[in-house]
Ligand SMILES: Nc1ncnc2c1ncn2[C@@H]1O[C@H](COP(=O)(O)OP(=O)(O)O)[C@@H](O)[C@H]1O
Ligand SMILES: [Mg+2]
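Residue numbers (the numbering used here): 422 to 768.
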């Protein structure tokens, strides 16, 4: 096991940029020119936005005299209609609160710009840095999240992805973990050896964590439109302390306890790293979120967050088992570490 509460990928300030390869540069510039003529008049430069796996498809288009644009290649999106609904929610919430990004229509009056088999999406650049864990960032992020959740809750119903209900999530996670650990040798060849070994070394710990989840929180959980991936890089904070939550693909009808618990864990560990302070982090966040900080709520959130992390671990396992899809493998260590850190945050 790695040492707990060490800086990780999400502790680095985001975004960072790198140069776009020549061939991509010309393609992107051409699409932008064809679909966003008005903005193209102010075109100056394209930068690539760095990502965890190095395969970023997000670009910053710098414009003179006006706000720059985030230009995103979304060809890997499963369901473009669901994404369109989320864009519309984002723009509505932008209009009233500016807490979500503003997406831009192209010359055809559409959000998606097609070129060959690629789809592109443009949003206004929000000039901010990711959550760094300081008390100031914690204050502004919690206040903003409390407003965002209120707005999402009261948003008219939209057709969007729906998470499994929390009980079914538990059953699913249980099924995947048992099937992997009971038949592990059958699956060995589907996994890179280091990942397989990491899962074996942590077998007892992972299964114990699963068995200790107190499922009684499920009856006290709410399902609503929420953001299910609130980590430090999905929150941007401007110099004047305005907050914008990005990655709107993560807007879903889902478990409020899992989404808030996950946020408190991810931001809370960053708070711990920044302030070298670990006491009562969950309670501090609950107060700042304007929620009750009773023992029973801390305990519900602890169970919900363990379930969310185990859900992510079981997705990594399933990807390897079924499709030899190794995309998320670099996150396995971070997730196992999370299971060790959760008890310190939710105490
Ligand atoms: N509206 C925006 N303003 C500024 N930066 C953005 C914006 N949208 C995305 N980014 C940058 O691009 C990165 C990736 O965008 P995101 O929507 O989170 O997609 P994903 O994490 O799925 O690749 C973010 O971490 C952020 O650095
Ligand atoms: Mg993101």
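Beta carbons: idealized from backbone N, C-alpha and C, even for Gly. This structure is a prediction, so every number in the text was calculated from the model and none was measured.
Excluding five sequence neighbours on each side, which residues of the same chain lie with their C-beta closer than 7 Å to the C-beta of residue i?
i: residue 766; result: 685, 686, 689, 690, 702 and 703
i: residue 512; result: 523 and 524
i: residue 721; result: 638, 641 and 678
i: residue 550; result: 434, 657 and 658
i: residue 769; result: Since the first residue of the chain shown is 422 and the last is 768, residue 769 is not available in this structure.
i: residue 428; result: 694
i: residue 732; result: 590 and 594
i: residue 563; result: 706, 709 and 710
i: residue 624; result: 602
Is there at least one non-hydrogen atom of ligand 1 closer than 8 Å to the beta-carbon of residue i?
i: residue 522; result: yes
i: residue 670; result: yes
i: residue 545; result: yes
i: residue 481; result: yes
i: residue 549; result: yes
i: residue 435; result: yes
i: residue 680; result: no
i: residue 428; result: no
i: residue 470; result: yes
i: residue 477; result: yes
Closer than 8 Å to a non-hydrogen atom of ligand 2 - does that hold for the CB of residue i?
i: residue 655; result: yes
i: residue 498; result: no
i: residue 650; result: yes
i: residue 667; result: yes
Is the beta carbon of residue j closer than 9 Å to that of residue i?
i: residue 657; j: residue 667; result: yes
i: residue 750; j: residue 741; result: yes
i: residue 646; j: residue 573; result: yes
i: residue 600; j: residue 712; result: no
i: residue 442; j: residue 491; result: no
i: residue 431; j: residue 652; result: yes
i: residue 501; j: residue 540; result: yes
i: residue 728; j: residue 592; result: no
i: residue 683; j: residue 559; result: no
i: residue 481; j: residue 467; result: yes
i: residue 747; j: residue 616; result: yes
i: residue 620; j: residue 648; result: no
i: residue 581; j: residue 503; result: yes
Can you give me the Cβ contacts of residue i inside the same chain, cut-off strictly under 6 Å, excluding the 5 residues immediately before and after it?
i: residue 436; result: 470
i: residue 454; result: 461
i: residue 479; result: 470 and 493
i: residue 485; result: 463 and 465
Does any heavy atom of ligand 4 sit closer than 8 Å to the C-beta of residue i?
i: residue 493; result: This structure lacks ligand 4; the ligands present are ligand 1 and ligand 2.
What residues in its chain sit with their C-beta under 8 Å from that of residue i, if we drop five residues either side in the sequence?
i: residue 764; result: 723
i: residue 425; result: 758, 761, 762 and 765
i: residue 662; result: 557 and 561
message: Just to confirm the assignment: which complete beta strand (DSSP E) runs, minimum length 3, are found wholly within the region 497 to 542?
response: Counting only runs of 3 or more, we get 533 to 536.
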